[in-house]
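Chain order of the listed sequences is W and Z. In this text, residue positions in the first sequence follow the numbering used here: the first is 1, and each later residue adds one. In this text, residue positions in the second sequence follow the numbering used here: the first is 78, and each later residue adds one. Note that beta-carbon positions come from the ideal geometry of N, C-alpha and C, so glycine has one too. Written below as structure tokens is the structure these notes are about.
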Amino acid sequence: MYFTTLFATAVALLPLASAAAVYTNDSYLESDTYAARAWINQQDYQRNGVPKAWATCNDKNTVVRKEWYAIGSRCKI
Amino acid sequence: MPLAQDARFNSLLTRHRSQLTKKERKKYIAAVQCLGKIEAKTPLSEAPGVRRRYDDFIAAHINQTFTIHSTGNFLGWHRFLVWTYEETLRNECGYDGYQPYYNWPKWANDPASSPALDGSDTSMSGNGVLGCTSQPGYGIPSNEAPLVLIPHGEGGGCIKDGPFKDFGINLGPVFSGLACEPPNPISNASDPAQAPLLGLGYNPRCLKRDISPWTSRQWSNDREVVSLLECKTIYCFWAQMQGGIPAFVNNFLGVHTAGHFTISGDPGSDFAASNGDPYFYLHHAQIDRVWWMWQNQQPWQRTNEIYGTITFLDQPPSRNA
Numbered sequence: 001m002y003f004t005t006l007f008a009t010a011v012a013l014l015p016l017a018s019a020a021a022v023y024t025n026d027s028y029l030e031s032d033t034y035a036a037r038a039w040i041n042q043q044d045y046q047r048n049g050v051p052k053a054w055a056t057c058n059d060k061n062t063v064v065r066k067e068w069y070a071i072g073s074r075c076k077i
Numbered sequence: 078m079p080l081a082q083d084a085r086f087n088s089l090l091t092r093h094r095s096q097l098t099k100k101e102r103k104k105y106i107a108a109v110q111c112l113g114k115i116e117a118k119t120p121l122s123e124a125p126g127v128r129r130r131y132d133d134f135i136a137a138h139i140n141q142t143f144t145i146h147s148t149g150n151f152l153g154w155h156r157f158l159v160w161t162y163e164e165t166l167r168n169e170c171g172y173d174g175y176q177p178y179y180n181w182p183k184w185a186n187d188p189a190s191s192p193a194l195d196g197s198d199t200s201m202s203g204n205g206v207l208g209c210t211s212q213p214g215y216g217i218p219s220n221e222a223p224l225v226l227i228p229h230g231e232g233g234g235c236i237k238d239g240p241f242k243d244f245g246i247n248l249g250p251v252f253s254g255l256a257c258e259p260p261n262p263i264s265n266a267s268d269p270a271q272a273p274l275l276g277l278g279y280n281p282r283c284l285k286r287d288i289s290p291w292t293s294r295q296w297s298n299d300r301e302v303v304s305l306l307e308c309k310t311i312y313c314f315w316a317q318m319q320g321g322i323p324a325f326v327n328n329f330l331g332v333h334t335a336g337h338f339t340i341s342g343d344p345g346s347d348f349a350a351s352n353g354d355p356y357f358y359l360h361h362a363q364i365d366r367v368w369w370m371w372q373n374q375q376p377w378q379r380t381n382e383i384y385g386t387i388t389f390l391d392q393p394p395s396r397n398a
């Protein structure tokens, strides 16, 4: 499950990684695609019986930290 | 279903399109300013210079500098520091948001134009006025024996605008890159009475910055962050983040030091007192975020991995953390 998801994520992210080669404030950064992958992996990590030390939307969890520039009002990476 | 069409995935990517509202930023700024007004909890016997709650965090960072940098404690200790700071903003200053981070690569080409550092009333204040011009640059790891010399920028003096223009700092300097600062009243390392309290005397002065795109363009751009995230071992990640082993050779700073010297100044360039500048917490929230991203590429293997001993650069040699 984990590896399947990881593989699928990697495939899905490839176009984004290429697009991120242009470094402007409005483009996606390649480094940010790792955050998306991390978030999905963390969901699988929790779903597969690991104690929920990193519960989603736990306000003691860095997963909900927000960027000064790019912020909404929902729980996020 | 392809992940690119997965709602979870798409929602993550659209988040960077949105802007933190000015109201949200102002709430965070107000909470930090509140820490600058309420009473300190650290006993004066432990840190004679503390005057406000905000100073408690600086005193802790100064006091533990050599056990929390270039040791196995580095990542975890700073994660805990940022978390306790965030909790204090909430519990003592009524903040109901989250600790924001400063995404270095997004603004690597021009950090002074970022909403966090543009000097507006919704920023963490901007650059300093031109100052300390007798100093040609900032030596890493020290001005006395530089391996990397960051050139003086357009600042170097007191920050000139924004919400933290008058915030000031009471502690340090300890190991400042800026050489124009009044010395701390407790700065005699050879005096046994002063040695345990170095830099912790009362020394009020303005916050100074010298924002350096020269630094961020080279060492905290997207390519550098991706390279760090591609590390296969915790040793690689830990070392590369802090400038390599040995540190700062081959003209390399690493994202941690580069993030500090993106603002430089006083105490931004101070190895020990750097969290006297409120930008510190946006920078270290990003350090923490990148660590989290690295951990969660392989959470089963990496969540509990740490590297390093409990002494600075393992001198003297010590046990693993």
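With fewer than three CB-CB distances shorter than 8 Å, the segment 221-241 of chain Z does not count as touching the segment 267-274 of chain Z. Assignment of residue 235/Z by DSSP, reduced to helix, strand and coil, places it in the strand class. Taking a Cβ-Cβ cut-off of 8 Å, the neighbours of residue 306/Z in chain W comprise 31 and 34, given in sequence order. Ranked by how close their Cα comes to the Cα of residue 262/Z, the residues 256/Z, 249/Z and 253/Z have 249/Z in first place. Looking only at 352/Z, 316/Z and 351/Z, the smallest Cα-Cα distance to residue 386/Z is reached by 316/Z. Contact between the segment 198-209 of chain Z and the segment 141-151 of chain Z is absent: fewer than three C-beta pairs spanning the two stretches fall below 8 Å. Of all residues in the segment 341-375 of chain Z, those with a C-beta nearer than 9 Å to a C-beta of chain W are 359, 362, 363, 365, 366, 367, 368, 369, 370, 371, 372, 373, 374 and 375, reading in chain order. At a C-beta separation below 9 Å, residue 47/W has no neighbours in chain Z, since its nearest C-beta there lies roughly 11 Å away.
Setting aside the 5 residues that flank it on each side, residue 117/Z is surrounded in the same chain by 127, 128, 129, 130, 132 and 133, each with a C-beta closer than 7 Å to its C-beta; the list follows chain order.
Residue 47/W sits exposed, since fewer than 16 C-beta atoms from the chains shown fall within 10 Å of its C-beta. For residue 225/Z, the enclosing beta strand (DSSP E) stretches over residues 225-228.
Remark: three or more beta-carbon pairs, one from each stretch, lie closer than 8 Å, so the segment 332-346 of chain Z and the segment 283-296 of chain Z are flagged as touching.
With 16 or more neighbouring CB atoms inside 10 Å of its own CB, residue 371/Z falls in the buried class. Excluding five sequence positions before and after residue 335/Z, the CB atoms of its chain that fall closer than 6 Å to its own CB belong to 292, 296 and 297, given in chain order. Annotated three-state conformation of residue 386/Z is strand, per DSSP. Residue 109/Z does not reach chain W, its nearest Cβ partner there being about 12 Å away, counting only Cβ pairs nearer than 9 Å. Here the alpha carbon of residue 214/Z sits roughly 4 Å from the alpha carbon of residue 229/Z. Per DSSP, the unbroken beta strand (DSSP E) holding residue 215/Z starts and ends at 214-217. Those residues of the segment 374-397 of chain Z placed with their C-beta closer than 8 Å to a C-beta in chain W are 374, 375, 376, 377 and 380, ordered along the chain. Taking all protein chains shown into account, residue 219/Z has fewer than 16 neighbouring C-beta atoms within 10 Å of its C-beta and is therefore exposed.
Among the CB atoms of chain W, one or more fall inside 7 Å of the CB of residue 299/Z. Contacts between residue 302/Z and chain W, judged by CB atoms closer than 7 Å, involve 31 in chain order. Taking a contact to require three or more Cβ pairs closer than 8 Å, the segment 374-393 of chain Z and the segment 166-176 of chain Z do not qualify as touching. Scanning its chain for C-beta atoms nearer than 7 Å, with the 5 sequence neighbours on each side dropped, one finds around residue 294/Z the residues 185 and 186, in chain order. For residue 353/Z, the secondary structure class from DSSP, reduced to helix, strand or coil, is helix.
In this chain, residue 109/Z is not harboured by any beta strand (DSSP E); it is covered by the alpha helix (DSSP H) spanning 99-112. In this structure, residue 135/Z sits away from residue 280/Z, with a CB-CB distance that is not shorter than 7 Å. C-alpha of residue 322/Z to C-alpha of residue 390/Z: approximately 9 Å in a straight line. Our two residues, residue 227/Z and residue 245/Z, have alpha carbons roughly 24 Å apart in a direct line.
A residue is called buried when at least 16 other Cβ atoms come within 10 angstroms of its Cβ; residue 39/W meets this threshold and is buried.
In the DSSP assignment, residue 207/Z falls within the unbroken beta strand (DSSP E) covering 205-207.
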